[in-house]
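**Student:** Those sequence lines, one after another, are chains A and B.
Heads up, the first sequence is in the UniProt record's numbering, so the first residue is 1 and it goes up one at a time.
Heads up, the second sequence is in the UniProt record's numbering, so the first residue is 1 and it goes up one at a time.
Please find one structure pasted underneath; my questions will follow.
Number of protein chains: 2
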Amino acid sequence: MLSTRLGTIKGVHVRSHVRSDGRITGHIPVSPPTLADVAELAGVSRQTVSNAVNNPDLLRADTLERVRRAIEDLGYSPNRAARNLRTRTSSLIGMRFAPAQEGTANAAIDRFVHSLVEASEVAGYHVLLFPGDDLDPVRGYDDLLRSTAVDAFVVTDTWLGNPQAAWLTDQRAPFVAFGRPWDDPGATHPWVDVDGAAGIRLATEHLFDQGHTRIAWIGWRKDSPLGEDRRSGWSTTMHAHGLPTTGLASRVEDTVQSGAEAAAVLLDESAPTAFVCASDTLAMGVLHTLWIRQLAPGRDIAVVGFDDSQVAQVFPGGLTSVRQPLEQAAVEVVKALEALLTHQPVENPGVLLKPTLALRGSSVV
Amino acid sequence: MLSTRLGTIKGVHVRSHVRSDGRITGHIPVSPPTLADVAELAGVSRQTVSNAVNNPDLLRADTLERVRRAIEDLGYSPNRAARNLRTRTSSLIGMRFAPAQEGTANAAIDRFVHSLVEASEVAGYHVLLFPGDDLDPVRGYDDLLRSTAVDAFVVTDTWLGNPQAAWLTDQRAPFVAFGRPWDDPGATHPWVDVDGAAGIRLATEHLFDQGHTRIAWIGWRKDSPLGEDRRSGWSTTMHAHGLPTTGLASRVEDTVQSGAEAAAVLLDESAPTAFVCASDTLAMGVLHTLWIRQLAPGRDIAVVGFDDSQVAQVFPGGLTSVRQPLEQAAVEVVKALEALLTHQPVENPGVLLKPTLALRGSSVV
DNA sequence: GTGAAAGCGCTAACAC
DNA sequence: GTGTTAGCGCTTTCAC
Numbered sequence: 001m002l003s004t005r006l007g008t009i010k011g012v013h014v015r016s017h018v019r020s021d022g023r024i025t026g027h028i029p030v031s032p033p034t035l036a037d038v039a040e041l042a043g044v045s046r047q048t049v050s051n052a053v054n055n056p057d058l059l060r061a062d063t064l065e066r067v068r069r070a071i072e073d074l075g076y077s078p079n080r081a082a083r084n085l086r087t088r089t090s091s092l093i094g095m096r097f098a099p100a101q102e103g104t105a106n107a108a109i110d111r112f113v114h115s116l117v118e119a120s121e122v123a124g125y126h127v128l129l130f131p132g133d134d135l136d137p138v139r140g141y142d143d144l145l146r147s148t149a150v151d152a153f154v155v156t157d158t159w160l161g162n163p164q165a166a167w168l169t170d171q172r173a174p175f176v177a178f179g180r181p182w183d184d185p186g187a188t189h190p191w192v193d194v195d196g197a198a199g200i201r202l203a204t205e206h207l208f209d210q211g212h213t214r215i216a217w218i219g220w221r222k223d224s225p226l227g228e229d230r231r232s233g234w235s236t237t238m239h240a241h242g243l244p245t246t247g248l249a250s251r252v253e254d255t256v257q258s259g260a261e262a263a264a265v266l267l268d269e270s271a272p273t274a275f276v277c278a279s280d281t282l283a284m285g286v287l288h289t290l291w292i293r294q295l296a297p298g299r300d301i302a303v304v305g306f307d308d309s310q311v312a313q314v315f316p317g318g319l320t321s322v323r324q325p326l327e328q329a330a331v332e333v334v335k336a337l338e339a340l341l342t343h344q345p346v347e348n349p350g351v352l353l354k355p356t357l358a359l360r361g362s363s364v365v
Numbered sequence: 001m002l003s004t005r006l007g008t009i010k011g012v013h014v015r016s017h018v019r020s021d022g023r024i025t026g027h028i029p030v031s032p033p034t035l036a037d038v039a040e041l042a043g044v045s046r047q048t049v050s051n052a053v054n055n056p057d058l059l060r061a062d063t064l065e066r067v068r069r070a071i072e073d074l075g076y077s078p079n080r081a082a083r084n085l086r087t088r089t090s091s092l093i094g095m096r097f098a099p100a101q102e103g104t105a106n107a108a109i110d111r112f113v114h115s116l117v118e119a120s121e122v123a124g125y126h127v128l129l130f131p132g133d134d135l136d137p138v139r140g141y142d143d144l145l146r147s148t149a150v151d152a153f154v155v156t157d158t159w160l161g162n163p164q165a166a167w168l169t170d171q172r173a174p175f176v177a178f179g180r181p182w183d184d185p186g187a188t189h190p191w192v193d194v195d196g197a198a199g200i201r202l203a204t205e206h207l208f209d210q211g212h213t214r215i216a217w218i219g220w221r222k223d224s225p226l227g228e229d230r231r232s233g234w235s236t237t238m239h240a241h242g243l244p245t246t247g248l249a250s251r252v253e254d255t256v257q258s259g260a261e262a263a264a265v266l267l268d269e270s271a272p273t274a275f276v277c278a279s280d281t282l283a284m285g286v287l288h289t290l291w292i293r294q295l296a297p298g299r300d301i302a303v304v305g306f307d308d309s310q311v312a313q314v315f316p317g318g319l320t321s322v323r324q325p326l327e328q329a330a331v332e333v334v335k336a337l338e339a340l341l342t343h344q345p346v347e348n349p350g351v352l353l354k355p356t357l358a359l360r361g362s363s364v365v
């Protein structure tokens, strides 16, 4: 049996092995083993090796076994670039990864990426991250698309007025959105989203169950459909129980400071006993105001956030928060991606997932 | 001028354009424009187009301009797979992205990835994420390496006993570590790290400046060189000021619960007035204990964490924390990667960066 | 400065 | 079931 060792010297692949082309190489820079090397060692044609890798069912059991052994012995792995060139695929999913938001509790996208990496692996994909360009939001997409560097995109920033989804649709580029097409109900691209309104309904019901009747809402500005959707979860639940909402809602920027200020005003003017917030960031603002006023979260005033961030989890006493099933979302995104890339008929372009409520000390005595 | 529109229909690229091979295609599935298409339109050979893209200096100004215009008109972008195959490079940097840690404040890796994506872009690289395999820690690396899917790796989990760095070195695979080779001082691979001891010295000095003399340490178990390094920052500073350390140190698991318990014990037995912690997670544990005991962070007891996590930033009053310069670390990692991949002589395999201290209410009155 | 030829490693199509 | 042929799109020689 040929003894072969693979590796790279200063970035150049080397191998000590008698090559298929007859050259004898002892740690002289050469390529990793190719299909041809495996074919020669196994005594079959290159195509048979290819079939052994991609369509094993086509081979006779003994041939397959022989080829498998040769692959094992040589440590062969198909060259990605060659396969990509030939099949016009890359097994890569592109996703724009915007800079981290500091000073907030927002990290849902990071958690989503973790899940996406895991879910993609199962489907044979890897995740390629690319940065955004503030001046030209489609630049990164355009570059990757035209150089056929990725098979598809996952788009996560689906806010109002974001041109990416429309642009990708226009380019007929395969993509799945994590987030509903808020600004375009007629959009036909596949998407996966979490039902924020349902999450806030859970939160509000929970507070009602705890005996609260004056439940305040702190959310985002009116031009955020996502924020308005979450807000509707609060208002519907309040109305369903015949509870007042007047003077109990506030719409602010998504910062701790804004949340703190909104909470102070609401406490002074409307005396709520509980707060439901559109984000953990805003909820931390509320907790900040409670801290200043020496009010105990959970005991004096209840607070619920949204996203079940690390902040919610490690805050002393804990912050009750709506948790998005991001692992599940990633799985659904990959599922949609696979359907898209195998040209399966799109039955259901939109998948809406139900969040859960992580109960902690800020809302339970 | 030829009018050309690019796109994909159901994932297949189409173009309405008279092809270089003479076929007239009107939204019939074909490939995106190739070098040959550009060459034809510009009236030059394919190699000249290649040169225009990769070695523009070789062309005469007018030729270059003509080719550039053709590239622009066709919306040409070199096919990545073809280029990768030919050049045996991928412009991809692989990094293992382990599942997110919940229930902790740890998110430094996420922040690092954000920075890495930005820094890589500048050098013409993209970041490819792959999941870990608990049963076989080198599997993901091995697969990508043998299929020549990435040019290099960034290794972030350099804890004791981690086989990846040694394995990659053995495979002669190009990689840069974010984190020192704690277990192998003789390691020759490039690495970038943050001086944790210096960070903790900053923190301890700060507390000393605030008038504290009984400063406790809560760190990790002794088998963590990273933890012991940070701990040394505390002990050296204490000794330098002639302050006692006996009974003021605790080594525990990196969880909120452990931090809380350690703080309770230390408070009962050694009456410290300040805590320095190896992580924000442990610091949150301390804050939890203070909360239970109705002690005010900053006023009654000072607390400093490590990592300047979102948690530290949004905690009411704020948690003072050592901040790692992760943006800078990413830049240094990419720099080392470029040197490695262009076979520049490695002058300085290790880069140690200085952290800063983010001052907040938990340590300042 | 520009062009012609070759080939990277793989798989689709077809022959046997 | 296996082998042969061709070619994906690019860059690297080497002529001219």
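By construction, the Cβ of each residue, glycine as well, lies at the ideal position given by its N, Cα and C atoms.
Report the three-state DSSP secondary structure of Thr-156/A (helix, strand or coil).
**Tutor:** Reduced to three states, the DSSP call for Thr-156/A is coil.
**Student:** Please check if any C-beta of chain A sits within less than 9 Å of the C-beta of Leu-92/B.
**Tutor:** At least one chain A Cβ lies under 9 Å of Leu-92/B.
**Student:** Return the CA-CA distance between His-239/B and Asp-229/B, expressed in angstroms with no decimal places.
**Tutor:** About 15 Å.
**Student:** Roughly how many angstroms lie between the CA atoms of Ser-309/A and Ala-108/A, to the nearest whole one?
**Tutor:** Going from the Cα of Ser-309/A to the Cα of Ala-108/A covers about 7 Å.
**Student:** Under 7 Å Cβ to Cβ from Val-150/A, same chain only, skipping five residues before and after it: list those, please.
**Tutor:** Ser-90, Leu-92, Ile-93, Gly-94, Leu-128 and Leu-144.
**Student:** Taking the alpha-carbon positions, what's the Glu-65/B to Asp-73/B distance?
**Tutor:** Rounded to whole angstroms, Glu-65/B to Asp-73/B spans 12 Å at the Cα level.
**Student:** Would you tell me roughly how many angstroms separate the C-alpha atoms of Phe-175/B and His-114/B, rounded to the nearest one?
**Tutor:** Roughly 19 Å separates the two Cα atoms.
**Student:** Hey, could you find the ends of the alpha helix (DSSP H) Ile-292/B is sitting in?
**Tutor:** It spans 280–292 - the alpha helix (DSSP H) in which Ile-292/B sits, taken as one unbroken run.
**Student:** Should Trp-234/A go down as buried or exposed, given a rule of 16 or more other Cβ atoms within 10 Å for buried?
**Tutor:** Buried.
**Student:** Can you tell me whether DSSP reads Trp-182/B as helix, strand or coil?
**Tutor:** Looking at Trp-182/B - three-state DSSP - the assignment turns out to be coil, as it is neither helix nor strand.
**Student:** Can you have a look at Trp-291/A and say buried or exposed, based on whether 16 or more other CB atoms are within 10 angstroms of its CB?
**Tutor:** Its Cβ being crowded by 16 or more others within 10 Å, Trp-291/A is buried.
**Student:** Short of 7 Å Cβ to Cβ, which residues in the stretch 138–150 of chain A face chain B?
**Tutor:** So the close ones are Asp-143, Arg-146, Ser-147, Thr-148 and Ala-149.
**Student:** On the premise that Arg-180/A lies in contact with Trp-220/A, defined as a C-beta separation below 8 Å, what is that separation, rounded to the nearest angstrom?
**Tutor:** Their Cβ separation, rounded to whole angstroms, is 16 Å, which puts Trp-220/A and Arg-180/A out of contact at 8 Å.
**Student:** Does the beta-carbon distance from Ala-274/A to Val-304/A come in below 9 Å?
**Tutor:** Yes, the Cβ-Cβ distance between Ala-274/A and Val-304/A is below 9 Å.
**Student:** By a C-beta neighbour count over all protein chains shown, 10 Å radius and 16 as the cutoff for buried, is Asp-110/B buried or exposed?
**Tutor:** Flag for Asp-110/B reads buried.
**Student:** Kindly indicate which three-state DSSP category Gly-26/B falls into: helix, strand or coil?
**Tutor:** Legend: pLDDT at Gly-26/B = 39, less than 50; position of this residue unreliable, value from coordinates given subsequently. Gly-26/B falls in the strand class under three-state DSSP.
**Student:** Compare the C-beta of Phe-315/A against all C-beta atoms of chain B and say whether one is closer than 9 Å.
**Tutor:** Judged by the 9 Å Cβ criterion, Phe-315/A is in contact with chain B.
**Student:** For chain A, check one thing: does any of its Cβ atoms lie closer than 9 Å to the Cβ of Asp-37/B?
**Tutor:** Output row for Asp-37/B: interface = no.
**Student:** Is the Cβ-Cβ distance between Ile-215/B and Val-276/B less than 9 Å?
**Tutor:** Their beta carbons are under 9 Å apart, which means Ile-215/B touches Val-276/B by this criterion.
**Student:** Can you say whether Arg-86/B is buried or exposed, counting buried as having 16 or more other CB atoms within 10 angstroms of its CB?
**Tutor:** Label assigned to Arg-86/B: exposed.
**Student:** Residues of chain A with CB under 7 Å from Val-311/B, in chain order?
**Tutor:** Residues of chain A passing the Cβ test: Gln-310, Val-311 and Val-314.
**Student:** Measuring only the C-alpha atoms, how far is Val-117/A from Thr-245/A?
**Tutor:** When rounded, the distance between both Cα atoms is 42 Å.
**Student:** When you check each C-beta in the stretch 200–219 of chain B against every C-beta of chain A, which residues fall closer than 8 Å?
**Tutor:** Of all residues in the stretch 200–219 of chain B, none has a Cβ within less than 8 Å of some Cβ in chain A.
**Student:** In chain A, which residues lie with their C-beta within 9 Å of the C-beta of Glu-102/B?
**Tutor:** The answer, in chain order, is Arg-111, Asp-308, Gln-310 and Gln-313.
**Student:** Just to confirm, are Phe-208/A and Thr-237/A a CB contact at a threshold of 9 Å?
**Tutor:** Yes, these two residues count as a Cβ contact at 9 Å.
**Student:** Do you know how far the Cα of Tyr-141/A is from the Cα of Arg-299/A?
**Tutor:** Approximately 49 Å, taken between the alpha carbons.
**Student:** Using C-beta distances below 8 Å, list every residue in its chain close to Leu-59/B, excluding the 5 sequence neighbours before and after it, in chain order.
**Tutor:** Same-chain partners within the cutoff: Thr-48, Asn-51, Ala-52 and Val-67.
**Student:** Name, in chain order, the residues that DSSP records as bridge partners for Leu-352/A.
**Tutor:** Asp-193/A, per the DSSP bridge assignment.
**Student:** Buried or exposed for Arg-96/B, please, with buried defined as at least 16 other CB atoms from any protein chain shown within 10 angstroms of its CB.
**Tutor:** Per the 10 Å Cβ criterion, buried.
**Student:** How is the alpha helix (DSSP H) around Val-127/A delimited, first residue to last?
**Tutor:** Per DSSP, Val-127/A belongs to no alpha helix (DSSP H); it is in the beta strand (DSSP E), 126–130.
**Student:** I want to verify the contact list: residues of chain A whose CB lies under 8 Å from the CB of Ala-358/B, in sequence order.
**Tutor:** The contacting residues do not exist; Ala-358/B stays about 10 Å from chain A at best.
**Student:** From Gly-350/B to Leu-340/B, what does the alpha carbon distance come to, in whole angstroms?
**Tutor:** Going by the C-alpha atoms only, they are around 13 Å apart.
**Student:** Using the beta-carbon of each residue, which ones in chain A are nearer than 7 Å to residue 375/B?
**Tutor:** The question about residue 375/B has no answer here: the residues shown for chain B are numbered 1 through 365.
**Student:** Would you say Phe-130/B faces chain A, with C-beta separation under 9 Å as the test?
**Tutor:** Closer than 9 Å: yes.
**Student:** For a minimum of 3 consecutive residues, which ranges assigned as the beta strand (DSSP E) are wholly contained in the stretch 296–328 of chain B?
**Tutor:** DSSP runs (the beta strand (DSSP E)) wholly in the stretch 296–328 of chain B: 302–306 and 320–323.
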